[in-house]
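Residue 178 in the numbering used here sits at position 186 of the sequence shown, and the numbers go up by one each step.
Just so you know, even glycine gets a beta-carbon here, dropped at the ideal spot from N, CA and C.
Written out below as structure tokens is the structure these notes cover.
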Amino acid sequence: MTNYEHELQATIKEIAVPGKGILAADESSGTCQKRFDSAKIPCIDETRRQYRELFFTTPNISQFIAGIILYEETLYQKAGDAVNGTPFPEFLKKHNIVPGIKVDKGLVPFNDSEIEKATQGLDGLGERLEQYRKVGARFAKWRATYSITDTLPSDGLIQENSESLAKYALTCQQHGIVPIVEPEVLLDGSHTIERCQEVTEKVLHALFAALKKHDVKLEYTILKPSMVISGKNASNRAGIKEVAKRTVEVLKKTVPSTLPTINFLSGGQTPQEATQHLNEMHKLGSLPWNLSFSYARALQEPALKAWQGKQENVAAAQKEFYKRAKLNSLAALGKYDEEMEKQ
Ligand code: 5MM
């Protein structure tokens, strides 16, 4: 670990910057297919490459985006001829964006449950990290998910996911890679915000206990949590202020101040909601960590709609992406205003 201390420190310093966030462009091919289907775009390696290139080459985007999480396929793809066929990680580095890599291997049923899923990917992780490092990845991401019902998530899954996240995080740090730990409490369902708060607190509490047990250095770790929010199909869903208040309440209870930065996922919120929630949290007084975003859908959705898989729409799509990145950057400083949506 000591060998890599300097590198871990440097990576955190570049990512935990007030007003900057992370773009999660690490959709696996299956998820990418779903997103492309919604816009009737064929999903093949070349269209995925073009899609990623659109985001990475958006002019001046590094003002707002400090790091981008890539899917393994993208890590080995190249920018097109217009930008000299540079491998994407190298291209990002040149443009002051830190390349990251999703390293979990997806979800598998947990204990034969029809609802609960655990995350796999620990086998051979160290060797994979070495490969990814060689081509420029400096941080990694592992996502664990929790569904909410009256009785779930089970204690067993919370235990299993927290252990895997901690083992993954330690392995990353041993290879000079900063880990993002992502415990996602899913938005699906009709649960109340109170129930989401209860579950999120329990999940984060277990995660930080496991990180401590495995001696993961929190100062070189990034947390990517979901917000405390009513279920998608709940009646009387809580408003912006309540989401912000309850989310910060839970984070203050569970996340040690030695952790440098918290970067939320958007989880199916609309792009505007995700921006508003983040902004509102910054109005609640000073916070012990940098508080920012690591959105996928909330940063990319409007751009995907504008793009439609067509070269002639790239500039319009980049404009949409630039707008969401800028507004979220302002939200990460508590300086966003709804009026800005009209620009
Ligand atoms: C980009 O989506 C990531 C998961 O992809 P797979 O399900 O295909 O593995 C996901 O981890 C993402 O980073 C987070 O959920 C944040 O994305 P959203 O859309 O929730 O902001």
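Please state whether DSSP places residue i in a helix, a strand or coil.
| i | result |
| --- | --- |
| Phe102 | coil |
| Glu174 | strand |
| Asn76 | coil |
| Ser286 | coil |
| Gly22 | helix |
| Leu210 | helix |
| Lys244 | helix |
| Gly148 | helix |
| Thr111 | strand |
| Asn228 | coil |
| Ala71 | coil |
By how many angstroms is the C-alpha of residue j removed from the C-alpha of residue i?
| i | j | result |
| --- | --- | --- |
| Arg316 | Ile57 | 11 angstroms |
| Ile342 | Ala230 | Summary: the structure shown does not reach residue 342, with the chain confined to residues -7 through 335, and so no result is reported for it. |
| Lys204 | Glu241 | 21 angstroms |
| Val127 | Pro81 | 7 angstroms |
| Arg247 | Gln303 | Strictly speaking, residue 247 in this sequence is Val, with Arg absent from that position. Cα to Cα, Val247 sits roughly 44 angstroms from Gln303. |
| Ala236 | Val220 | 8 angstroms |
| Ser249 | Ala17 | 28 angstroms |
| Thr66 | Thr49 | 14 angstroms |
| Glu(-3) | Glu211 | 10 angstroms |
| Ile172 | Leu178 | 18 angstroms |
| Asn320 | Ser156 | 30 angstroms |
| Met332 | His87 | 27 angstroms |
| Ile214 | Glu19 | 19 angstroms |
For ligand 3, is there a heavy atom less than 6 angstroms away from the beta-carbon of residue i?
| i | result |
| --- | --- |
| Arg27 | This structure lacks ligand 3; the ligands present are ligand 1. |
In the DSSP output, which residue or residues are listed as bridge partners for residue i?
| i | result |
| --- | --- |
| Tyr138 | Val177 |
| Val90 | Gly59 |
| Lys133 | Lys94, Ile172 |
| Gly223 | Looking at the DSSP assignment, Gly223 forms no beta bridge with any residue, so it has no partner. |
| Asn320 | Its beta-bridge partners do not exist; DSSP assigns none. |
| Phe83 | Answer by DSSP bridge pairing: none, since Phe83 is not bridged. |
| Leu15 | Ile60 |
Which term fits residue i, buried or exposed, when burial requires 16 or more other beta carbons within 10 angstroms of its beta carbon?
| i | result |
| --- | --- |
| Tyr63 | buried |
| Lys32 | exposed |
| Tyr68 | exposed |
| Ile93 | buried |
| Gly77 | exposed |
| Asp96 | buried |
| Ser218 | buried |
| Lys12 | buried |
Closest Cβ-Cβ distance between residue i and chain D: below 7 angstroms?
| i | result |
| --- | --- |
| Ile185 | No chain D is part of this structure, which consists of one protein chain only. |
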